[in-house]
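Using this note's numbering, you'd call the opening residue of the sequence shown number 103 and step up by one each time.
The beta carbon of each residue, even a glycine, is placed where N, CA and C say it ideally should be.
Everything below concerns the one structure shown next.
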Amino acid sequence: MLPLTSLLFLVLTLDQGATLRGVVKDPHGNLCEGAEVTLVSPGLPPIPKPRILRTMTNGRGRFQFSAEFGAGSYVWAHGKDAGGSFFCTPVERKVRPGQVLHLEGTGRRIFEAVRLDGIQAWGEPGELRLVWDLDGTGVYTREMPISGSGLAKIPPSFPLFLDRRLFWVREAGGRKLFAAALFWEKGRDGVLRPEKGSLGVEGSGLLRFSCPKPRSLSVFVRTKVVGKPLSGARISLFLPYARLSWVEGGVTDSKGMAHLIVPAFQGDSPVALLVRKKGFSAEVAYEDGKGAYLGKEGREPEPRGFVKEWTFSLEKAEPLAGKVLGWKAEEEGLGLVRLELSFGMGGYPRGGLELVGPEQFARVHPSGEFRFPGIPKNISHWRASLFLTPKAWQRMLGKSNPREAPLPMLVLMTSWKSKLTTRGGFCTFDLKHLRLVPFQILGEDGGPLPFPRVHWRMRGTGPRSLTLFGDHLGRGLLSFSDRVHREGDLYGTHQGRWYWMQKVGPFAKAGKVLPPKEIQVRPIRGVVAGTIVDKDGDPVAGVKIRLGSWGPVGPDPEKLLLLEMNKDLVQGRSDKKGRFRIPFIPMGPVSFSLVLSKNKRLKTVWIRKAGEGLELVFPN
Numbered sequence: 103m104l105p106l107t108s109l110l111f112l113v114l115t116l117d118q119g120a121t122l123r124g125v126v127k128d129p130h131g132n133l134c135e136g137a138e139v140t141l142v143s144p145g146l147p148p149i150p151k152p153r154i155l156r157t158m159t160n161g162r163g164r165f166q167f168s169a170e171f172g173a174g175s176y177v178w179a180h181g182k183d184a185g186g187s188f189f190c191t192p193v194e195r196k197v198r199p200g201q202v203l204h205l206e207g208t209g210r211r212i213f214e215a216v217r218l219d220g221i222q223a224w225g226e227p228g229e230l231r232l233v234w235d236l237d238g239t240g241v242y243t244r245e246m247p248i249s250g251s252g253l254a255k256i257p258p259s260f261p262l263f264l265d266r267r268l269f270w271v272r273e274a275g276g277r278k279l280f281a282a283a284l285f286w287e288k289g290r291d292g293v294l295r296p297e298k299g300s301l302g303v304e305g306s307g308l309l310r311f312s313c314p315k316p317r318s319l320s321v322f323v324r325t326k327v328v329g330k331p332l333s334g335a336r337i338s339l340f341l342p343y344a345r346l347s348w349v350e351g352g353v354t355d356s357k358g359m360a361h362l363i364v365p366a367f368q369g370d371s372p373v374a375l376l377v378r379k380k381g382f383s384a385e386v387a388y389e390d391g392k393g394a395y396l397g398k399e400g401r402e403p404e405p406r407g408f409v410k411e412w413t414f415s416l417e418k419a420e421p422l423a424g425k426v427l428g429w430k431a432e433e434e435g436l437g438l439v440r441l442e443l444s445f446g447m448g449g450y451p452r453g454g455l456e457l458v459g460p461e462q463f464a465r466v467h468p469s470g471e472f473r474f475p476g477i478p479k480n481i482s483h484w485r486a487s488l489f490l491t492p493k494a495w496q497r498m499l500g501k502s503n504p505r506e507a508p509l510p511m512l513v514l515m516t517s518w519k520s521k522l523t524t525r526g527g528f529c530t531f532d533l534k535h536l537r538l539v540p541f542q543i544l545g546e547d548g549g550p551l552p553f554p555r556v557h558w559r560m561r562g563t564g565p566r567s568l569t570l571f572g573d574h575l576g577r578g579l580l581s582f583s584d585r586v587h588r589e590g591d592l593y594g595t596h597q598g599r600w601y602w603m604q605k606v607g608p609f610a611k612a613g614k615v616l617p618p619k620e621i622q623v624r625p626i627r628g629v630v631a632g633t634i635v636d637k638d639g640d641p642v643a644g645v646k647i648r649l650g651s652w653g654p655v656g657p658d659p660e661k662l663l664l665l666e667m668n669k670d671l672v673q674g675r676s677d678k679k680g681r682f683r684i685p686f687i688p689m690g691p692v693s694f695s696l697v698l699s700k701n702k703r704l705k706t707v708w709i710r711k712a713g714e715g716l717e718l719v720f721p722n
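Put into structure tokens, the structure is as follows:
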């Protein structure tokens, strides 16, 4: 039996009716009416499903979302300033309910269409589709037809103005042919434009992209022992710019053969193939501009640099079974196990490479058992994750549940860095070591502090910490394993005005649900304030400020927590008169640095003592 090494929890969905508010400003710092704000909640398929929400700013540049959305959600906005010029805002990531956002715009060029040069080599353009992808997850996409001349429109609502945008071309049946990326950079005037070398610009509203050339690739799959052809083997492709996304490439015929069309890579862009069949192992082949590898074995490069045919030999796979110990359920569907497999490419010239294969899912039986039918023997690492539904958590907590709203979806993760044995594998999730600590954050007046973001640092594990979220009454649930972590600290800040620190544990003999923790906040009375000027002494506006490195703080747990909280607090920018004022929690005689940035220029300034009246010089 493999050892249980860690238990982690991640909030996936939060309370219904939660709000997210904010304002949108144009590049000149003016509140913008009529800007479109988009919130994307990727979720974790198949639970929960991804969501996309949109709204518009009102006359005071404000917006609000009132809906259920999960951790990992992100927000951005775009619109026009008073002069009619277009702008966009950076993506605000990992937003949470109750947060107040300040989205500031950056000027951008507008493009109406993109011309795909060489698309005809991939088939009749009218039968192909161009799919824009916001961040590689496939949640926020826009699909457009391609004309006979290779022209495809850019949807007005799609944010083709951020630093990097992905797209792919697919057949009518849905199979991806190739993926690519458009890169952007900000000029000295603050306007985003296509990066040099990525695109040629034709006219004012047309982008131009050169498609990679297609090439033929044959795949033969057989059994390892007797060499019998294997029909029905599935072939997945890992394409350049596809962001760890495997796409279906084809299926072998009765002779074990499959003929694919793949992009001819440029430079070091890799192309990888994963071959698998139920009941058999899986195998990976990889090639780029420097070599080609089958598993961990290299092969001689082809005369023109491209492999024309791969032969895969698959052996019988071993099942992976498992059980959730301490599981009590009368029905299926309350638990789901996700399995991720990694394949090592040891011959890769840069010292080794690992490719993560497609995810697999198995439902937990009421007895707590689950099973994956076939697991390859040639994997290098694997990870299993257990997802528990809110209904499962309610049953586990029973009357100890301190929350009125439904419990969030939580994920219990355990990870192994080892291969499976030849006799197969067995993994367990042991709930008897699970400990739950309800907590509530209270304000200075003793009332609940809504939607706090709480950090949990485990003692004795270095800088490792988790982020938790409270509900509208400041309540949340901490979950951990007493086999690994017997004590730790809850800490955090709220709106730059309060902070808290609370030790949890150690627990000698404790039940599954521990006594609730009521945590009172403390006011933040420190500040880092001053003026940013240039070499001539003139104020510099719009300089971003963030915390840099620190002097030595030693092993003191309290100072380490204060350091982490100051990393969240110390961030902002100078106003029109070069002034800045940022909350700061004093830590005694400890030096630290501020990083100043504007228009790709950086300067680091060391501060020996926090306070007001600082004058920082930023280069002209």
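In this structure, how does DSSP classify residue i when only helix, strand and coil are distinguished?
| i | result |
| --- | --- |
| I212 | coil |
| L664 | helix |
| K430 | coil |
| R624 | strand |
| I363 | strand |
| R497 | helix |
| G653 | coil |
| D658 | coil |
| P154 | In the sequence on display, residue 154 carries Ile and not Pro. Three-state DSSP puts I154 in a strand. |
| K418 | strand |
| Q222 | helix |
| P227 | helix |
| D390 | strand |
| D355 | coil |
| V533 | According to the sequence displayed, residue 533 carries Leu and not Val. Three-state result, L533: helix. |
I think residue i touches residue j, with their Cβ atoms under 8 Å apart; what is that distance to the nearest whole Å?
| i | j | result |
| --- | --- | --- |
| V692 | T706 | Not a contact, Cβ separation roughly 16 Å. |
| F382 | G476 | 7 Å |
| L203 | V177 | 6 Å |
| L319 | V409 | 7 Å |
| P540 | P608 | Not confirmed; about 18 Å, so no contact. |
| E226 | I256 | That belief does not hold up - the Cβ atoms of E226 and I256 are roughly 22 Å apart, past 8 Å. |
| R440 | S487 | 5 Å |
| V323 | F472 | Rounded, the Cβ-Cβ distance is 28 Å, inconsistent with contact. |
| H574 | P552 | 5 Å |
| P316 | A223 | 6 Å |
| F340 | A384 | With 8 Å as the limit, F340 and A384 do not qualify as a contact, their Cβ atoms being about 13 Å apart. |
First and last residue of the beta strand (DSSP E) that includes residue i?
| i | result |
| --- | --- |
| P316 | 316 to 325 |
| E138 | 138 to 143 |
| E717 | 716 to 719 |
| F463 | 462 to 465 |
| F541 | 536 to 544 |
Go through its chain and collect everything with a Cβ distance to residue i's Cβ below 7 Å, but skip five positions before and after it.
| i | result |
| --- | --- |
| W652 | L665, V692, F694 |
| P129 | D183, F189, G207, T208, G209, G292 |
| G674 | I647, F682, I684 |
| R555 | R198, T569, F571, G594 |
Using the beta-carbon count (16 or more within 10 Å), is residue i buried or exposed?
| i | result |
| --- | --- |
| N668 | buried |
| A254 | buried |
| L236 | buried |
| M158 | exposed |
| P625 | exposed |
| L427 | exposed |
| Q542 | buried |
| K418 | exposed |
| W602 | buried |
| T647 | For the record, residue 647 in the displayed sequence is Ile; it is not Thr. I647 comes out buried. |
| V353 | exposed |
| R465 | exposed |
| D591 | buried |
| Q118 | Any reading at Q118 must be qualified, since the residue scores a pLDDT of 40, below 50, and its modelled position is unreliable; the value itself is stated next. Exposed, by the Cβ-count rule. |
| L704 | exposed |
| K379 | buried |
| H596 | buried |
| R577 | buried |
Looking only at its chain, what residues have a beta carbon closer than 8 Å to the beta carbon of residue i, apart from the 5 residues adjacent to it on each side?
| i | result |
| --- | --- |
| E620 | F541, Q542, L544 |
| F463 | P148, L438, V439, R440, L441 |
| H361 | S318, L319, S320, V321, G352 |
| R599 | P625, I626, P685 |
| T121 | Q166, F167, S168, P199, G200 |
| R272 | L230, R231, V233, K278, L279 |
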